[in-house]
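Inspection log for the structure reproduced underneath, given as structure tokens.
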Amino acid sequence: MTTAKLTSEELSAAANHAIEAPNAPRKRVRKAGQNFEMYSWLFMRLSGIVLVVLVLGHLFIMNILDGGVHRINWGFVAGRWASPFWQMWDLVMLWLAELHGANGLRTVINDYARKDGTRFWLKVLLYASVILTLALGSFVIFTFDGTIEYPTGN
Amino acid sequence: MTATLNADLAPVQHTGPLPPVPDGAVMVTVNLQRFNPELDDAPHMESYRIPALPTDRILNLLHYIKWYIDGTLAFRRSCAHGICGSDAMRINGRNRLGCKVLVKDLVTAKKTEITIEPIKGLPLEKDLIVDMEPFFDAFRSVKPYLVTHGNEPDREWVQSIEDRERFDDTTKCIMCACCTTSCPVYWSADAYVGPAAIVAAHRFIFDSRDQAAEERLEILSDAEGVWRCRTTFNCTDACPRGIQVTKAIQEVKRALMFRRI
Numbered sequence: 001m002t003t004a005k006l007t008s009e010e011l012s013a014a015a016n017h018a019i020e021a022p023n024a025p026r027k028r029v030r031k032a033g034q035n036f037e038m039y040s041w042l043f044m045r046l047s048g049i050v051l052v053v054l055v056l057g058h059l060f061i062m063n064i065l066d067g068g069v070h071r072i073n074w075g076f077v078a079g080r081w082a083s084p085f086w087q088m089w090d091l092v093m094l095w096l097a098e099l100h101g102a103n104g105l106r107t108v109i110n111d112y113a114r115k116d117g118t119r120f121w122l123k124v125l126l127y128a129s130v131i132l133t134l135a136l137g138s139f140v141i142f143t144f145d146g147t148i149e150y151p152t153g154n
Numbered sequence: 155m156t157a158t159l160n161a162d163l164a165p166v167q168h169t170g171p172l173p174p175v176p177d178g179a180v181m182v183t184v185n186l187q188r189f190n191p192e193l194d195d196a197p198h199m200e201s202y203r204i205p206a207l208p209t210d211r212i213l214n215l216l217h218y219i220k221w222y223i224d225g226t227l228a229f230r231r232s233c234a235h236g237i238c239g240s241d242a243m244r245i246n247g248r249n250r251l252g253c254k255v256l257v258k259d260l261v262t263a264k265k266t267e268i269t270i271e272p273i274k275g276l277p278l279e280k281d282l283i284v285d286m287e288p289f290f291d292a293f294r295s296v297k298p299y300l301v302t303h304g305n306e307p308d309r310e311w312v313q314s315i316e317d318r319e320r321f322d323d324t325t326k327c328i329m330c331a332c333c334t335t336s337c338p339v340y341w342s343a344d345a346y347v348g349p350a351a352i353v354a355a356h357r358f359i360f361d362s363r364d365q366a367a368e369e370r371l372e373i374l375s376d377a378e379g380v381w382r383c384r385t386t387f388n389c390t391d392a393c394p395r396g397i398q399v400t401k402a403i404q405e406v407k408r409a410l411m412f413r414r415i
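Protein sequence lines, in the order shown, are assigned to chains D and R.
Per the working numbering, residue 1 is the first one in the first sequence, and the count goes up by one each step.
Per the working numbering, residue 155 is the first one in the second sequence, and the count goes up by one each step.
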């Protein structure tokens, strides 16, 4: 057994490598998604800014420009969605508006539901409606076929 | 034995003549929320019609009721000059210190009613007294004390005027709980740390001498931390010290987002 004596150099080296904060609690390792609340908060701000442009633009085109709502018919929608630009506009607006609104409702439910059970079921209802709306909306935007005959309903 | 003891401890009811009504006094009606856990099932309102000077504090009205009308009235107060933060209460629906609101601030020729209730969101114990422990628990959870590593410096910690200015506003807190108990999120979610705890954290996070900002930010980034704040500004309105509470919360949010202090 050799108990090597530390030289003064080794001693000072050890002193220099002292633990910086020996009493600090062990750093929590963040699991993925643990900062969800921060990202959802940030998402509300950013999507809000984009939605101002998208929604006001949408309202302007649909309700004011060129005779407004009176000119909207099957052909008008078919003509718009023939262009990938308007397809993307509507798709982005659909997703951002739905997620923005749903996230807002999620915080309202979190804040105001008094029982865990109520909170859980309200959220199930909310998420189901989100999935349904997004799936149906995206499906229509991508598969809309303007060439099929206009359903007159006669 | 206990009967005599209770009799001794029972509040002495005022029996002598009422103090003279000073010149310039007006009659005001104080609607006070009363609750005695040993007798009542639920809190109820009671009205007292008493003389008051326009320059009286709301605390004076409570003293008048306790000293001359009903000695069983329970409320907290200590310094009575807006320093100790003991007498936070809801006055006409707003969280204020009883010792900082004057009768003339509330009473007009037409309206002589004043409503006083305990602060909301903390367990009610008696009359205006609530259990402050949940509030202090949240305060303790953010490590509201200076944390430093390494060797002590040979002389005092030096700090520039600018560095001191950075957290000056949040040093003014007197822990009265006006802000936290005015927050609608705190009313419904007990776990939310609340504005006062975030103010306490802000005071050290932005202190150039402190070295535990990361730890505190980690605590406040929790699901029950700063992201529960809905920016309703009730806290800023309620603060009797004029602290820009909502601004402080937003500064913590920004520090978390950019990981920079």
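All C-beta atoms, glycine included, are put in the ideal place defined by N, C-alpha and C.
- Within 7 Å of the CB of TRP381(R), the CB atoms of chain D belong to GLU37, MET38, TRP41, in sequence order along the chain.
- About 10 Å separates the beta carbon of MET44(D) from that of TRP381(R), a gap too long to meet the 8 Å contact definition.
- Secondary structure note for LEU186(R): its beta strand (DSSP E) is the uninterrupted segment 180–188.
- Rounded to the nearest angstrom, the gap between the Cα atoms of TYR112(D) and PHE36(D) is 20 Å.
- Close to chain R, meaning a Cβ-Cβ distance shorter than 8 Å, are the following residues of the segment 107–127 of chain D: THR107, ASN110, ASP111, TYR112, ARG114.
- If you compare the alpha carbons of THR209(R), LEU193(R), ASN190(R), ASP194(R) with that of VAL255(R), the shortest gap goes to THR209(R).
- The beta carbon of SER342(R) sits closer than 7 Å to some beta carbon of chain D.
- Here GLU369(R) is buried, its C-beta having at least 16 other C-beta atoms within 10 Å.
- CYS333(R) is not a Cβ neighbour of ALA354(R), given a cutoff of 7 Å.
- Note on the segment 210–291 of chain R: whole beta strand (DSSP E) runs with a minimum of 3 residues are 242–245, 248–251, 267–271, 278–280, in chain order.
- Taking a contact to require three or more Cβ pairs closer than 8 Å, the segment 311–329 of chain R and the segment 373–380 of chain R do not qualify as touching.
- Judged by DSSP secondary structure, SER129(D) falls within the alpha helix (DSSP H) whose first and last residues are 116–143.
- Straight-line spacing of the CA atoms in ALA367(R) and GLY304(R) works out to 16 Å.
- Collapsing the DSSP output to three states places GLU37(D) in a helix.
- Along the segment 176–196 of chain R, none of the residues has a CB nearer than 7 Å to a CB of chain D.
- In the DSSP assignment, ILE352(R) falls outside any beta strand (DSSP E) and within the unbroken alpha helix (DSSP H) covering 349–359.
- In this structure, the CA atom of TYR222(R) is about 5 Å from the CA atom of HIS168(R).
- By the rule that beta-carbons nearer than 7 Å mark a contact, ALA355(R) does not touch chain D.
- Under DSSP, HIS303(R) takes part in no beta bridge, so it has no partner.
- Three or more Cβ pairs closer than 8 Å define a contact, and the segment 340–348 of chain R falls short of that threshold against the segment 258–267 of chain R.
- By the C-beta criterion, the segment 232–250 of chain R is judged not to be in contact with the segment 402–410 of chain R, since fewer than 3 inter-stretch pairs fall below 8 Å.
- Nearest C-alpha to SER240(R) among GLY348(R), MET286(R), ASN190(R): MET286(R).
- Nothing from the segment 246–264 of chain R brings a Cβ to less than 7 Å from some Cβ of chain D.
- Taking 7 Å as the cut-off, the Cβ atoms of ARG80(D) and TRP86(D) count as close.
- DSSP places HIS100(D) in the uninterrupted alpha helix (DSSP H) bounded by 84–112.
- For ILE204(R), the enclosing beta strand (DSSP E) has its first and last residue at 198–206.
- In chain order, ASP111 make up the part of chain D whose C-beta sits under 8 Å from the C-beta of VAL339(R).
- Under the three-state reduction of DSSP output, PHE387(R) falls in the coil class, being neither helix nor strand.
- Annotation: CYS383(R) to VAL399(R) spans about 11 Å, alpha carbon to alpha carbon.
- For ASP317(R), the uninterrupted alpha helix (DSSP H) run begins and ends at 315–319, by DSSP.
- Between ALA377(R) and chain D, the shortest Cβ-Cβ separation is below 7 Å.
- Taking a 10 Å sphere around the C-beta of CYS233(R), we find fewer than 16 other C-beta atoms and assign the residue as exposed.
- Exclusion of the five residues before and after PRO197(R) leaves GLN187, PHE189 as the residues of its chain whose Cβ lies within less than 6 Å of its Cβ.
- Rounded to the nearest whole angstrom, the CA to CA distance from ILE273(R) to ASN249(R) is 7 Å.
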